[in-house]
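Student: Heads up: the protein sequence lines correspond to chains A and B, in order. 1 is the number of the first residue of the first sequence in the working numbering; add one for each residue after it. 257 is the number of the first residue of the second sequence in the working numbering; add one for each residue after it. We put the CB at the ideal spot given by N, CA and C, even for glycine. Source: prediction; values computed, not measured.
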Amino acid sequence: MVSTSPQPLDPSTLPDHDNVPDNPYAYCVRLNGPLFMQTGRMIAYYPVGGGTIRFEPLTATSMTAMVASHFSSPLYSRDWVVANGQGHVILGDRGYDINSYDLDDGNLTVRAANLLAFDAGLELKESIIPGFLTLLGTGKFLASSSGPVIFVEPPVRVDPEALVGWADCPAPSQHFDAGWMGHFLGAARGAVFGTRSGEERQYDFTGAGTVLLQSSERMLEDPHVVRRLEGEVNQLGTGQLRHLAGVIQSRLSQNG
Amino acid sequence: MGFTKVTPKVVLAEVRPGQEVLARRGAMLASSGEIAFSPVVGGPGGGAYGGGIAASLARGMQGEAVPLMVAEGNGSVHYGFRGHHVTVIDLDGSHPMSVEADRLLAHDANMSSSVVFLGQQGGLRGAVRGAVTGQGLFTTQLSGRGSVAVLSHGGTFALRVGGSQQIVVDPQAYVAHVGNLRLDVATALSWRDAVGRGSGEGVQLKVSGEGTVYVQASEEKL
């Protein structure tokens, strides 16, 4: 019988920049230069010859100028670190497929939760679409997807959960199903909360470019949604706040 | 003997007289042939019932947290558990394997299994490791020749440790290890920042010695 037992890997057999052999869900990177990584995605690391690999939070890094010029998102800065040193780092993300992407003087926008790491040749900015990050420049980055990524070309309408990202095309607009819109316009305005099934809202892509899809997204509770809302609450007046409190109350009683 | 992979999440075990298979309760998906299942209950409080091989197996299992079923007879059984990935690891018997009881799906019944109090392996250090990694204070040790099927998120791969090649592993991703390995818990500020999705994750497992450590491709516990 052929042994199915996984063969042990070590720094001499680990890839320098590829998926771990026979495992699309883990990815190995050999560090050369600083690497930006999202927290909670590292599984293991082999420092070279008894050395160390340092992981510095962006808020307490020794490379402030480099970080500031490559990471232009205060909202996400708490969730990222810079890895520096010599050795192999292995990353994984919820058992999702992990792929490496090359950008050549390009731009690509990707769901923030699915972006694992990017090298210092790229610059990160927040996308206009909440929950997405845009990478600009020339370099490599790692992103995860639930199942293999499917590439499609616009014009296309995409379920928000299935969207991994998009490249080279204009930012999408939101599209609402015509039947649902008719129903919405006919219904009492106040009844709108809780009437969404999730299917009626789609992202509408037009123009030339590529859209990246995954089979589906198991939605994590995204901490950034709360942080963003908190920031926007400051702009509200007392009446609006009271209204919002009522909305939250009714949501809580529905879920509880 | 041994397990055949059917899908990444299901294995098939051939069961013959003298080649029984032990698996966690609830892991049997399908069986064909003449297979009898009986529970194995170990532990100080529980006695064995079911008779036959179950009784003799139960003697070796003290304090086992996960209830096991033994499959005996002549036929084949499909095993899987809650859609987790299954990895089959063959052991040549030269070194025992330590695996978290939660992650053990099935193994050949002719391997002897014992539950080890982590405090025995590494004194206080071991006990602390169990407490901080959430493994609990007991780990299952399997010795002898045979095959073991372990559960994981996203599949398990093996990393060799030896010589100057020391490795640092996220405790949540640790699955099992084989060989003369020392697992030390260390807290590092940088590690906490790098892995810490929540609080209490600021620990790392420093693995040194000679052997193999098995790691899953995800930070999620089972």
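Measure from the alpha carbon of residue 289(B) to the alpha carbon of each residue in 333(B), 326(B), 259(B) and 358(B), then state which is nearest.
Tutor: Residue mapping note: residue 289(B) aligns to position 33 of the second sequence, counting from 1. Closest option to residue 289(B), Cα to Cα, is 333(B).
Student: Note the first and the last residue of the continuous beta strand (DSSP E) segment covering residue 205(A).
Tutor: Residue mapping note: residue 205(A) aligns to position 205 of the first sequence, counting from 1. Segment 201–205, the beta strand (DSSP E) holding residue 205(A).
Student: What whole-angstrom Cβ distance do residue 148(A) and residue 97(A) have, given they're in contact under 8 Å?
Tutor: As a working mapping, residue 148(A) is identified with position 148 in the first sequence. As a working mapping, residue 97(A) is identified with position 97 in the first sequence. Indeed, because the Cβ distance is near 6 Å, the residues count as touching under 8 Å.
Student: Along chain B, in chain order, which residues have C-beta atoms closer than 8 Å to that of residue 20(A)?
Tutor: On the first sequence, residue 20(A) is found 20 positions in, with the first residue counted as 1. Near residue 20(A) (Cβ distances below 8 Å), the residues of chain B are 413 and 473.
Student: What does the Cβ neighbour count give for residue 247(A), buried or exposed, with the cut at 16 atoms within 10 Å?
Tutor: Stepping through the first sequence from its first residue, residue 247(A) is reached at position 247. Label assigned to residue 247(A): exposed.
Student: Assuming residue 93(A) and residue 41(A) are in contact, meaning their beta carbons sit under 8 Å apart, how far apart are those beta carbons, in whole angstroms?
Tutor: Translated into the one-based positions of the first sequence, residue 93(A) becomes position 93. Translated into the one-based positions of the first sequence, residue 41(A) becomes position 41. Right, the Cβ-Cβ distance comes to about 5 Å (below 8 Å), so this counts as a contact.
Student: Distance cutoff 8 Å, beta carbons only. Does residue 364(B) sit that close to anything in chain A?
Tutor: Indexing the second sequence from 1 puts residue 364(B) at position 108. False, the Cβ-Cβ gap to chain A never drops below 8 Å.
Student: Buried or exposed, going by whether 16 or more other CB atoms sit within 10 Å of the CB of residue 330(B)?
Tutor: Indexing the second sequence from 1 puts residue 330(B) at position 74. Result: exposed.
Student: Looking at chain A, is there any beta carbon in it that lies within less than 8 Å of the beta carbon of residue 263(B)?
Tutor: Here residue 263(B) corresponds to residue number 7 of the second sequence, with the count starting at 1. Judged by the 8 Å Cβ criterion, residue 263(B) is not in contact with chain A.
Student: For residue 359(B), which residues of its own chain have a beta-carbon under 8 Å away from its beta-carbon, when the five flanking residues on both sides are left out?
Tutor: As a first step, residue 359(B) is located in the second sequence; it is residue number 103 there, counting from the start. Excluding residues within five positions, the ones whose Cβ falls inside 8 Å are 406, 407, 408, 431, 432 and 478.
Student: Note the first and the last residue of the continuous beta strand (DSSP E) segment covering residue 176(A).
Tutor: The sequence position of residue 176(A) within the first sequence is 176, counting from 1. Looking at the DSSP string, the run of the beta strand (DSSP E) that includes residue 176(A) is 173–176.
Student: Please tell me whether residue 359(B) has its Cβ less than 8 Å away from any Cβ of chain A.
Tutor: Numbered from its first residue, the second sequence carries residue 359(B) at position 103. Not closer than 8 Å to any Cβ of chain A, the Cβ of residue 359(B) fails to qualify, so no.
Student: Residue 326(B) and residue 267(B): beta carbons closer than 8 Å?
Tutor: Residue numbering aside, residue 326(B) sits at position 70 when the second sequence is read from its first letter. Residue numbering aside, residue 267(B) sits at position 11 when the second sequence is read from its first letter. No, the pair does not count as a contact, with Cβ atoms beyond the cut-off.
Student: May I ask you to list, following chain order, the residues of the segment 419–442 of chain B that have a beta carbon less than 8 Å from some beta carbon of chain A?
Tutor: From the segment 419–442 of chain B, only 420, 421, 422, 423, 424, 425, 426 and 429 have a Cβ closer than 8 Å to chain A.
Student: Nearest by alpha-carbon distance to residue 113(A): which of 178(A), 201(A), 128(A) and 142(A) is it?
Tutor: The residue labelled residue 113(A) in the question sits at position 113 within the first sequence. Per the Cα distances, 142(A).
Student: Cα separation between residue 424(B) and residue 45(A)?
Tutor: In the second sequence, residue 424(B) corresponds to position 168, counting from 1. In the first sequence, residue 45(A) corresponds to position 45, counting from 1. About 5 Å.
Student: Under a three-way DSSP split, which group does residue 351(B) fall into?
Tutor: Taking the second sequence and counting its residues from 1, the one referred to as residue 351(B) is at position 95. Here residue 351(B) sits in coil by DSSP.
Student: Using a Cβ-Cβ cut-off of less than 8 Å, give me the residues of the segment 15–48 of chain A that come near chain B, in sequence order.
Tutor: Taking 8 Å as the Cβ-Cβ cut-off against chain B, the residues of the segment 15–48 of chain A that qualify are 20, 21, 22, 23, 25, 26, 37, 39, 40, 41, 42, 43, 44, 45, 46 and 47.
Student: Can you give me the Cβ contacts of residue 250(A) inside the same chain, cut-off strictly under 6 Å, excluding the 5 residues immediately before and after it?
Tutor: For the purposes of this step, residue 250(A) is taken as the residue at position 250 of the first sequence. If we look at residue 250(A) and ignore the five residues flanking it on each side, it has no Cβ neighbours.
Student: Which of the three DSSP states, helix, strand or coil, is assigned to residue 190(A)?
Tutor: Numbered from 1 along the first sequence, position 190 holds the residue referred to as residue 190(A). Annotation note: pLDDT 46 at residue 190(A) (below 50); position unreliable, no value reported.
Student: Given a cut-off of 8 Å, decide if residue 11(A) and residue 84(A) are closer than it, judged by their beta-carbon atoms.
Tutor: For the purposes of this step, residue 84(A) is identified with residue 84 of the first sequence, where counting begins at 1. For the purposes of this step, residue 11(A) is identified with residue 11 of the first sequence, where counting begins at 1. Contact flag unset, no.
Student: Should residue 274(B) be flagged as near chain A, meaning a C-beta pair shorter than 8 Å?
Tutor: Your numbering for residue 274(B) matches position 18 in the second sequence. Residue 274(B) does not count as touching chain A.
Student: Between residue 206(A) and residue 165(A), which are expected to be in contact by the criterion C-beta below 8 Å, what is the C-beta distance as a whole number of angstroms?
Tutor: If you number the first sequence from 1, residue 206(A) lands on position 206. If you number the first sequence from 1, residue 165(A) lands on position 165. At roughly 16 Å, the Cβ-Cβ gap does not stay under 8 Å, so residue 206(A) and residue 165(A) are not in contact.
Student: How would you label residue 53(A), buried or exposed, when you count the other beta carbons within 10 angstroms and need 16 or more for buried?
Tutor: By one-based count along the first sequence, residue 53(A) stands at place 53. By the neighbour-count rule (16 or more Cβ atoms within 10 Å), residue 53(A) is buried.
Student: Is the beta carbon of residue 116(A) less than 8 Å from the beta carbon of residue 82(A)?
Tutor: Translated into positions along the first sequence, residue 116(A) becomes position 116. Translated into positions along the first sequence, residue 82(A) becomes position 82. No. Outside cutoff.
Student: Fully enclosed by the segment 66–134 of chain A, which alpha helix (DSSP H) runs are 4 residues long or longer?
Tutor: The qualifying runs do not exist here; there are none.
Student: At the 8 Å Cβ level, is residue 95(A) part of the contact set with chain B, yes or no?
Tutor: Counted from its first residue, the first sequence places residue 95(A) at position 95. Yes, its Cβ sits closer than 8 Å to a Cβ of chain B.
Student: Looking at C-alpha atoms only, which residue of 429(B), 414(B), 462(B) and 369(B) is the closest neighbour of residue 278(B)?
Tutor: For the purposes of this step, residue 278(B) is taken as the residue at position 22 of the second sequence. Nearest of 429(B), 414(B), 462(B) and 369(B) to residue 278(B), Cα basis: 369(B).
Student: On the three-state DSSP scale, how would you describe residue 410(B)?
Tutor: For the purposes of this step, residue 410(B) is taken as residue 154 along the second sequence, with counting starting at 1. In the structure shown, residue 410(B) sits in coil (DSSP, three-state: anything other than H, G, I, E or B).
Student: On the three-state DSSP scale, how would you describe residue 252(A)?
Tutor: Here the question's residue 252(A) lines up with position 252 in the first sequence. Here residue 252(A) sits in helix by DSSP.
Student: Check whether the Cβ atoms of residue 434(B) and residue 361(B) sit closer than 8 Å, and answer yes or no.
Tutor: Taking the first residue of the second sequence as 1, we reach residue 434(B) at position 178. Taking the first residue of the second sequence as 1, we reach residue 361(B) at position 105. No.
Student: Have a look at 179(A), 210(A) and 66(A) and flag the residue whose alpha-carbon is nearest the alpha-carbon of residue 201(A).
Tutor: Within the first sequence, numbered from 1, the residue matching residue 201(A) stands at position 201. Measuring from the Cα of residue 201(A), the nearest candidate turns out to be 179(A).
Student: Quick one: which chain B residues come within Cβ less than 8 Å of residue 135(A)?
Tutor: For the purposes of this step, residue 135(A) is identified with residue 135 of the first sequence, where counting begins at 1. The premise fails here: residue 135(A) is roughly 21 Å from chain B at the closest Cβ pair, so nothing lies under 8 Å.
Student: Quick check on the DSSP output: the beta strand (DSSP E) that includes residue 41(A) runs from which residue to which?
Tutor: Here the question's residue 41(A) lines up with position 41 in the first sequence. Note, residue 41(A): premise wrong, no beta strand (DSSP E); not H, not E.
Student: How would you list, in chain order, the residues of chain B whose beta-carbon sits under 8 Å from the beta-carbon of residue 9(A)?
Tutor: Locating residue 9(A) in the first sequence gives position 9, counting from the first residue. Those are 413, 414, 415 and 416, listed as they occur along chain B.
Student: What is the DSSP secondary structure of residue 467(B), counted as helix, strand or coil?
Tutor: If you number the second sequence from 1, residue 467(B) lands on position 211. If DSSP states are grouped into helix, strand and coil, residue 467(B) belongs with the strands.
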